[in-house]
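Heads up, the sequence shown stops at 799 in the working numbering, and the numbers go up one at a time, no gaps. Beta carbons: idealized from backbone N, C-alpha and C, even for Gly. Predicted model, so just to flag it, every value in this text is computed and none were measured.
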Amino acid sequence: MKTKQIPAIIMLVAGFITCVISIFQRLEADRFLKLLLIVLICFYILGGIVKLVIDKNFAPPEEEQPDENADADTATEEQNENEDIDSTKEEAK
707 MKTKQIPAII MLVAGFITCV ISIFQRLEAD RFLKLLLIVL ICFYILGGIV
757 KLVIDKNFAP PEEEQPDENA DADTATEEQN ENEDIDSTKE EAK
């Protein structure tokens with residue numbers, strides 16, 4: 707999953723909302739810029755946290771390494787099954 711853009715998108719949306727609210731409240735330029743800077747930094751950090759959570763929870767599952775003993779056990783089980791089938795056929799005759 708592509709999550710590289712998530713922090714930037716969250717930050718820009720928060721910045722846009724801050725701009726709209728500041729325009730309606732008629733904030734002074736210096737106060738507006740300080741507020742905008744704080745909002746952008748905070749929401750960039752929050753976006754980074756969201757990205758980490760998404761990456762951790764939606765990561766593809768790791769492939770399991772095949773166990774060497776499992777192959778030997780499977781071969782032994784198959785031989786036992788073949789022997790049982792052969793003995794059953796001989797008993798039927």
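How close, in whole Å, do the beta carbons of residue i and residue j come, if the pair is a contact with beta carbons under 8 Å?
| i | j | result |
| --- | --- | --- |
| I760 | M707 | 7 Å |
I need the boundaries of the alpha helix (DSSP H) containing residue i, first residue and last residue.
| i | result |
| --- | --- |
| F730 | 712–731 |
Return helix, strand or coil for residue i, following the three-state DSSP convention.
| i | result |
| --- | --- |
| F764 | coil |
| K708 | coil |
At least three beta-carbon pairs within less than 8 Å, the segment 735–752 to the segment 714–726: Contact between the segment 735–752 and the segment 714–726 is present, because at least three Cβ pairs lie under 8 Å.
Inter-stretch contact at 8 Å, needing at least 3 Cβ pairs: the segment 750–759 / the segment 707–715: The segment 750–759 is in contact with the segment 707–715.
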